[in-house]
Ligand SMILES: Nc1ncnc2c1ncn2[C@@H]1O[C@H](COP(=O)(O)OP(=O)(O)OP(=O)(O)O)[C@@H](O)[C@H]1O
Ligand SMILES: [Mg+2]
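Residue numbers (my numbering), protein chains in the order written: chain A, 15 to 265; chain B, 15 to 496.
Take a look at the structure:
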């Protein structure tokens, strides 16, 4: 589904990703962990099409197509979803209006008719129940005045509404209470199917108690220095990143 | 409403000025230039009573002593008033008895503009006075309204049929001495709408005037006069478009509103004159004087405007709050893109006790345009407990445009409370990216954000026009990012 080869990315001449190789197949859940500033969000942003970064070399394909040459909205319509680490506030734009526009854009792209008002509202009700998001939130402007946790939940709600092929969740679990954490996990697990894939970026192994990853990768200073199964996350939790640092020194 | 809004936003994908076509129709025109002779000719063609001609000539003589105002934050190229045509009318029968006598080309023009003049095809509940260049083409629902005692007709008809009313009120709110363009208009105005709501009558439909400039090199100078007697109510709407032309065209209008005791008048404008092309060539100069007086106690006048067109806009719809407990409102969205310039705002003059005013101005600038809010809140000595609240917001797209706010406050009464709030914001790249990531392209994202920003004002428009206005906002800003 997603194939990243030797991806090098810089901003203002500063190299942030120094050669990433990663393959995500349909049906898989990957977790990316790593210390602050290691480049996790940069990787997520570059996949979503943020144009403030420079791709210096490497390639990314998504479902066999060159991802890097597409616009952010084309990528979204192809089924790539990014749960933002810091969701953006858009004052004056209601959640309903925003999501309806988004969904219908995607439907148009797939050659489907736009959802009618009642179909849309029905879907919204379903997904709201699923992610247990407060009803009042969806009648407000996009993220405006939402608490940190509410913003994160709202990302999951949007993911549930948009039903992406590949979801990249950038620290969606940070700042969540334990109940909300379960909700996030439920959202991800609900989306899980042999056709879809998820990349969760997280600092905490506790999320992985609820979302069982097939692979765990450790990103350190712009490189994936370790990949393994779920046990890698446990090891990190136990030994901390010092362990990775020391490993790196040995390398 | 919400769905409809979404639908509209989805539907809008093209960004050209849609109304730029020209109707090839026989015209009656008076040759270029301005003189007492030309004014006499206009008056004669219109078969006006003597008082009208005298009014025009007094205005003209006064205009000759005046200079073009220079205080606005605008760069206005010199206008050669001798090079303009002051009267141009689609040729048609002197008096229309039925729609069959209207030139089919004309009907077609208004159909293309989305303003069908056949009554059975109309939006129910909206009566239209259609004005092309210098004359009113057709006023719909005139008879139905007359049954309630409401007069809704072209200004020319009013001058002939209701000379006493016209004489009494014309120039009583905007005298020809008021300003340069008001004097010019008073001298050469050709047509416009007249509306009179008798005591205790609530006008059951929206009244609207649709202005269309068609002829080349002609200025459009229309006048609208609305009189609302005690305890009456009317909601009025004005729309305007013009063909795309390389040269600039002048539009200098006057609107006067008189609200008597406990009367309420709502006046809404969706101004979409041709703004000129991307390089700033062509477009309408829109120099308009709009003013209402809340003459009787407890009366209310509300101005709502959505200004998206014109190369230059100079316009300050104002309220004189003369009666006690009167209310003046001004809700404005002004969009400038490319090389457009707008200097717009309002004046609220508090004279009566407990008079209240609200000003909500939302400026949106993009391209290399300049957008200024200019507002005066003046409280006279006797206006005990006058209250004003002003909110002036500017939204910037890109970094080459300008937004300016010029609030003037003059308070002559200790008990008055005047509040002014202003904000400036920019549509952030991160907001656009967030929308993009959800599959919404940049143009649509801007449309969503801008309509959200202007919602407070758009909500004040009559339903039929709110939808239209939303489309317009998005279209006017197309191509402004990226
Ligand atoms: N816009 C930018 N301008 C300059 N430097 C940037 C920019 N964005 C990211 N960086 C730098 O790139 C590096 C990687 O940042 P990134 O946000 O990808 O880290 P992260 O792994 O997501 O960290 P965290 O766990 O704190 O979220 C950091 O050193 C950061 O300062
Ligand atoms: Mg991060």
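Built from N, CA and C at the ideal position, the CB exists for glycine as well.
- By the CB criterion at 8 Å, residue 107 (chain A) and residue 71 (chain A) fall outside the cutoff.
- Counting only beta-carbon distances shorter than 5 Å to the non-hydrogen atoms of ligand 1, the qualifying residues in chain order are A:25, A:30, A:50, A:51, A:52, A:53, A:54, A:55, A:56.
- Fully contained in the segment 189-252 of chain A are the following alpha helix (DSSP H) runs of length 4 or more, in chain order: 192-205, 221-224.
- In the displayed model, residue 444 (chain B) falls within a helix according to three-state DSSP.
- Listed in chain order, the positions of the segment 156-190 of chain A with a beta carbon within less than 9 Å of a beta carbon of chain B are 156, 157, 172, 176.
- Put simply, the CB of residue 469 (chain B) is near chain A, with a gap under 8 Å to one of its CB atoms.
- Remark: the C-beta of residue 185 (chain A) is in contact range of ligand 2, defined as less than 7 Å to any heavy atom.
- At least one beta carbon of chain B lies nearer than 8 Å to the beta carbon of residue 64 (chain A).
- Counting the other CB atoms within 10 Å of its CB gives residue 361 (chain B) a total of 16 or more, which places it among the buried residues.
- Selection B:407, B:487, B:432, B:201 evaluated against residue 51 (chain B) yields B:201 as nearest (Cα-Cα).
- By the rule that beta-carbons nearer than 8 Å mark a contact, residue 450 (chain B) touches chain A.
- Burial state of residue 83 (chain B) is exposed, judged by a 10 Å Cβ sphere holding fewer than 16 other Cβ atoms.
- The distance from the Cβ of residue 196 (chain B) to that of residue 475 (chain B) is about 26 Å, inconsistent with a contact at the 8 Å cut-off.
- Distance from the C-beta of residue 99 (chain A) to the nearest heavy atom of ligand 2 is below 7 Å.
- Within chain A, the C-beta atoms nearer than 7 Å to that of residue 455 (chain B) come from 87, in chain order.
- In this structure residue 97 (chain A) touches residue 170 (chain A) by the C-beta definition: roughly 7 Å separates them, less than 8 Å.
- Taking a beta-carbon distance threshold of 8 Å, residue 115 (chain A) counts as an interface residue toward chain B.
- Here residue 87 (chain B) carries a coil assignment [DSSP, helix/strand/coil].
- Between the segment 48-67 of chain A and the segment 105-119 of chain A, the count of Cβ pairs shorter than 8 Å is below three; the stretches do not touch.
- The beta carbon of residue 311 (chain B) is closer than 8 Å to those of 275, 276, 337, 338, 339, 340, 366 in its chain, skipping five residues each way along the sequence.
- A direct Cα-to-Cα measurement between residue 214 (chain A) and residue 20 (chain A) gives close to 21 Å.
- In the DSSP assignment, residue 208 (chain B) is bridged to B:167, B:239.
- In this structure, DSSP gives residue 286 (chain B) a state outside helix and strand, which the three-state scheme calls coil.
- Taking all protein chains in view, the Cβ of residue 58 (chain B) is surrounded by fewer than 16 other Cβ atoms within 10 Å, so the residue is classified as exposed.
- The beta carbon of residue 417 (chain B) lies closer than 7 Å to those of 377, 379, 385, 408, 410, 438 in the same chain, with the five residues before and after it left out.
- Annotation: residue 442 (chain B) to residue 168 (chain B) spans about 47 Å, alpha carbon to alpha carbon.
- Residue 415 (chain B) sits in coil when the DSSP states are folded into three classes, being neither helix nor strand.
- The beta carbon of residue 378 (chain B) sits no closer than 8 Å to any beta carbon of chain A.
- Within the segment 402-415 of chain B, no residue places its CB atom closer than 9 Å to a CB of chain A.
- When only Cα atoms are considered, residue 433 (chain B) and residue 420 (chain B) end up about 14 Å apart.
- By the criterion of at least three beta-carbon pairs nearer than 8 Å, the segment 387-399 of chain B is in contact with the segment 424-431 of chain B.
- The beta carbon of residue 105 (chain A) falls within 8 Å of a beta carbon belonging to chain B, placing the residue at that interface.
- If you draw a straight line from the Cα of residue 122 (chain A) to the Cα of residue 91 (chain A), it is about 9 Å long.
- With respect to the C-alpha of residue 40 (chain A), the residue from A:62, A:227, A:179 having the closest C-alpha is A:179.
- Here the C-alpha atom of residue 203 (chain A) lies approximately 23 Å from the C-alpha atom of residue 116 (chain A).
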